[in-house]
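As structure tokens, the structure follows; a few thoughts come after it.
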Amino acid sequence: MSELTEEIAKRRTFAIISHPDAGKTTLTEKLLLFGGAIHVAGAVKSNKIKKTATSYWMEIEKQRGISVATSVMGFNYNNYKINILDTPGHQDFAEDTFRTLTAVDSVIIVVDIAKGVEAQTRRLMEVCRMRKTPVIVFVNKLDRDGKDPFDLLDELEEELKINVRPLSWPIDMGQRFKGVYNIFDKKLDLYTPSKQYVTESVEFKDINSPELETHIGDHLAEKLRSDIELIEGVYPEFETETYLKGEIAPVFFGSALNNFGVKELLDCFVKIAPSPRPIQAVERIVTPTEDKFTGFVFKIHANMDPNHRSCIAFVKICSGRFERNANYKHVRHGKMFRYSSPTAFMAQKKETVDEAFAGDIIGIPDTGNFKIGDTLTEGEELHFKGLPSFSPEMFKYIENSDPMKTKQLNKGIDQLMDEGVAQLFINQFNGRKIIGTVGQLQFEVIQYRLLHEYGAQCKWEPLNLYKACWIESDDEAELENFKRRKAQYMAKDKEGRDVYLADSSYVLQMAQHDFEKIRFHFSSEF
Ligand code: G4P
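Just so you know, we're using my numbering here: the sequence shown kicks off at 783 and counts up by one.
And the structure:
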């Protein structure tokens, strides 16, 4: 194996996703502890906005400080190089999370045993399904009482629309939680609440051995055997291949807070999770082990210093080796650039790196050259397909409140949209700018950042819209007819594509009914 192939095979780049409070931060921290990346619990700052925050934007500013450091957490474990990509906890920043998912090769979903599948997990899973991202589920908080594990598996299948296969199985829960049987490694991991880690791990090739009784007692032994029999009967044999295709999700049980089941998860994860996967660009499929470097920007993080607007562009390396000071082509600009201070994120520290490999994420300091989705290559005309924009949930007109600062406002809006903070539409009827978001908080962030970073003041005007639909048709005349009829509701997105702004679900249904030759899309890529 060449050095390049060897380096790439070692990499595991993934994200942990969950509904807020399921235990994502806790699990991340425990994984970092195993990797030796941190030494004390509590070192990972929760990247979530506390519900009690009185002033959202102060919290946001704090967040932005924290989240540069924790955006990517790299560490070595055994012979693997692990990159965990952090995702924002607050649902109003779900778009950010969607984009981060374009840069990972697999995902771990954390689910609370008591709460089961929650709203945000469902939405994030949709994106994973779309991209066929391999998914592992970690059912957390087994030290508390919760749902019956079989019911939970059914719920996972139903709600996440994916087949599941338990690879570990809990022995009771809550106060009576005894541990888990590790189906993958055929081991019995016993739990002692006061110790907060796996106190005893016993090889258990044959679950019918009477030794089981000595560890967990007659009643639980009998229950475990019948549970395992049921699992073997109902769920298909676990095959890594089907997991890698995104068709089946292995499920683990444990307690992140008590560090129980976490090492088992990690050990199995490094074995079965994919190393960097081939990525479909518009022109061709790019294989990670190709000699030539390619990569794309999936996230842009603005710095907090309002005096000089500098950003960090996060680049996922898709193939080859990135070298500091080499010349790379910024495909959208059609120009070659040198990057002299790329940073890598190891053990929560940012440090300049000389080289990085496919699967790694690097941060490139930037002063406005990059947009989300930009591709870098050694010269090839290549365009990585980003994630489509989805129809926003909330819309408002953005208005200038300080006529002296029109230029600043326009520049600010442009750059914030390039950063992917929200979506901009221009109403073709009245020429007004509309900002679409997934939550109220994004409007506050935009207003705050326009003022502090660009000196521009904006105000919002309410706009009652239901959905933005990207429209197309093979029948040019019909398309023109539609646009004429709906002139007041036609807009262009940032790329100049036609968007129909439906003000209610009824109106949308009528439009779909009346204009059969028009295709209505709820995301921008079709
Ligand atoms: P998140 O990032 O997914 O939002 O969740 P986070 O890890 O912050 O965990 C949410 C809460 O759940 C935290 O409690 C955390 O201590 C707790 N938790 C995580 N894993 C387990 C577990 O295995 N068992 C139990 N019983 N609790 C768990 P908190 O009180 O909200 O925060 P904190 O004050 O402890 O930080």
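Note that CB positions come from ideal geometry on N, CA and C, so glycine has one too.
Judged by beta-carbon spacing, ASP1142 lies within the 7 angstroms limit of ILE1099, meaning their Cβ atoms are closer than that value. With a cut-off of 8 angstroms on Cβ pairs, the stretch 982-992 is not in contact with the stretch 944-959, counting fewer than three such pairs. In its chain, beyond the 5 residues on either side, ASP868 have a beta carbon closer than 6 angstroms to the beta carbon of SER853. Residue side-chain check: GLY805 places its Cβ nearer than 6 angstroms to a non-hydrogen atom of the ligand G4P. Between VAL889 and ILE799, the C-beta spacing is below 7 angstroms. Looking at the backbone, the Cα of ALA1031 and that of ASP933 are separated by about 16 angstroms. Residue pairing by DSSP places ARG947 opposite PRO1032 in a beta bridge. With contacts defined as CB atoms closer than 7 angstroms, GLU937 and VAL899 qualify as a contacting pair. A distance criterion of 6 angstroms places the beta-carbon of SER1171 beyond contact range of the ligand G4P, judged by its closest non-hydrogen atom. Distances from the CB of PRO952 to the heavy atoms of the ligand G4P are all 6 angstroms or more. With contacts defined by Cβ atoms closer than 7 angstroms, ARG793 and ALA1055 do not form a contacting pair. In the displayed model, GLN1190 falls within a helix according to three-state DSSP. Taking C-beta atoms as the reference points, MET1128 and GLY856 count as a pair closer than 7 angstroms. When distances are taken from the beta-carbon of ARG926 to the heavy atoms of the ligand G4P, the shortest one is below 6 angstroms. Using a Cβ-Cβ distance cut-off of 8 angstroms, the stretch 899-916 and the stretch 999-1019 are not in contact, since fewer than three pairs of beta carbons, one from each stretch, lie closer than that value. The closest heavy atom of the ligand G4P lies 6 angstroms or more from the beta carbon of LEU815. The residue from THR1149, ILE790, ARG911 and ASP1184 with its alpha-carbon nearest to that of TYR1025 is ARG911. The distance from the Cβ of ASP925 to that of SER1037 is about 5 angstroms, consistent with a contact at the 8 angstroms cut-off.
Within 10 angstroms of the beta-carbon of ASN1212 lie fewer than 16 other beta-carbons, which makes it exposed. By the beta-carbon neighbour count (other beta carbons within 10 angstroms, threshold 16), TYR1110 is buried. At least one heavy atom of the ligand G4P is found less than 6 angstroms from the C-beta of ALA1038. Pairing GLU1262 with GLY1028, the inter-Cα distance amounts to about 41 angstroms.
Short note on THR808: C-beta closer than 6 angstroms to some heavy atom of the ligand G4P. Within the stretch 1003-1054, the complete alpha helix (DSSP H) segments at least 4 residues long are 1022-1026 and 1044-1054, listed from N- to C-terminus. In the displayed model, GLU982 falls within a strand according to three-state DSSP. Of all alpha-carbon atoms in LEU1198, THR884, ASN865 and CYS1251, the one lying nearest the alpha-carbon of VAL1079 is that of THR884.
Beta-bridge partners assigned by DSSP to ALA1063: PHE1166.
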